[in-house]
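To start, the structure itself, in structure tokens.
Numbering (our numbering), first residue to last: 92 to 317.
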């Protein structure tokens, strides 16, 4: 069921609305990380000057750049998915409406619009929830590194749960007359999305693909709508 929804969602990536949303999501995500990089560098630079680190040694600029780069690598691993999905939440209606109109026109006609305020609220909740749980899991991630696969396994289990909730929150409010996606199916949907975020190149498409998949999970895969 979940794989069928994922396969049905793939062509939606090339829909005009999806490409426009992909451009907006990537642009805003990159902008957010650029602002974060500047903030990190500024903080490291200010701390070096304040505490007098590297006084007289002449390699302060290189140390700052190295520390900033390492911090950004860690931030990208932790925050890329959270940031991309939060931004996706702001504009999710673009792709959801397009997929529903193409594949489920009767459902699209009955859909309840989701206002900007609710979208912003969902985006902030998604961002804080994802960052919070992954920060709490950091010690476990570190301890499981010795197993070779434990860190990835925990990452997938945790983020499948978080992504499944995010995706359900995107599509279900538009159709309050429909029963929610079952918890097990929601988790499997989140797992497929989490796996997409782990694959280079595909991770750039993951937010759009995941949102389209959620539409098919709500309508097509379960055949709840005529």
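From the three backbone atoms N, C-alpha and C, an ideal C-beta is built for every residue, glycine too.
Nothing here was measured: the structure is a model prediction, and the numbers come from that model.
The closest CA to that of residue 166, considering only 204, 222, 286 and 209, is found on 222.
Relative to residue 154, the option among 132, 299 and 202 whose CA is nearest is 132. With a minimum length of 3 residues, there is no unbroken run of beta strand (DSSP E) contained wholly in the stretch 281–317. Between the alpha carbons of residue 135 and residue 158 lies a distance of about 8 Å.
Comparing alpha-carbon positions, the option among 278, 262 and 244 lying closest to residue 254 turns out to be 278.
By a beta-carbon distance limit of 8 Å, residue 285 does not contact residue 236. Their separation comes to about 19 Å. DSSP places residue 206 outside both helix and strand once states are collapsed to three, so it counts as coil.
In this structure, residue 280 keeps its C-beta atom at 9 Å or more from the C-beta atom of residue 187.
Of the candidates 213, 263, 182 and 109, the residue whose Cα lies closest to the Cα of residue 306 is 263.
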